[in-house]
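Numbering (full-length UniProt numbering), first residue to last: 1 to 159.
We put the beta carbon where it would ideally sit given N, CA and C, even for glycine.
If you're wondering where the values come from, they're calculated on a predicted model, not measured in any experiment.
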Amino acid sequence: MAGRSETHQVRLGQSFSARGNTRFHTLRYNFKPAHAAFSLGGKLHLHGSTVELNVPSKSNGQLLFTGNSEPYKEVDCVLICNAEGEWRIERLDRNIKNLKVERDVAGPGPSGQSAAEREVATFSTTDASPPNPVPIEEENIDEDDLFGDADDGDGRGER
């Protein structure tokens with residue numbers, strides 16, 4: 001399938017800044033109930049490799065998802081295009097998977113744990129650009145320098 005060729009300027013996002021505290025995670029659900037209000041955001045509680053995710057319910061409660069997570073490698077990234085057509089690349093921090101609904105909860109989050117016992121990240125579904133973009137220098141990179149000759153061939157790998 002031949003498509004049109006386009007060139008876009010891509011900038012490094014805040015997740016690449018040493019001073020930045022922006023993190024990006026991927027979420028994989030075993031099941032997403034229809035009454036979950038993901039567009040309203042939620043709270044992600046990281047407890048080592050286990051995860052709790054509280055998401056508002058359309059029926060005035062909270063849904064509690066549990067799952068596990070593992071860190072991404074430093075080279076794992078995501079390319080994001082916002083509504084204005086601006087492209088940026090962000091480093092992925094954690095792969096959160098096997099999220100399943102445990103129960104509907106009445107309160108805003110899990111009880112019985114202090115803030116010091118868990119790392120909490122609030123997520124939002126807005127696609128706003130970072131307030132202070134990290135300045136970058138444009139650099140022409142030859143694809144062969146990035147991938148080498150290992151990607152040449154029929155795609156089946158060497159035997």
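- Assigned with DSSP and collapsed to three states, residue 49 falls in coil, not helix or strand.
- Leaving aside the five residues that flank residue 33 on each side, the residues in its chain whose CB is nearer than 7 Å to its CB run, in chain order, 63, 101.
- Counting along the chain, residue 71 sits inside the beta strand (DSSP E) bounded by residues 62 to 71.
- With respect to the C-alpha of residue 52, the residue from 35, 78, 28, 88 having the closest C-alpha is 28.
- Of the residues assessed, residue 54 falls on the buried side of the cut-off, its CB having 16 or more other CB atoms within 10 angstroms.
- DSSP places residue 11 in the uninterrupted beta strand (DSSP E) bounded by 10 to 12.
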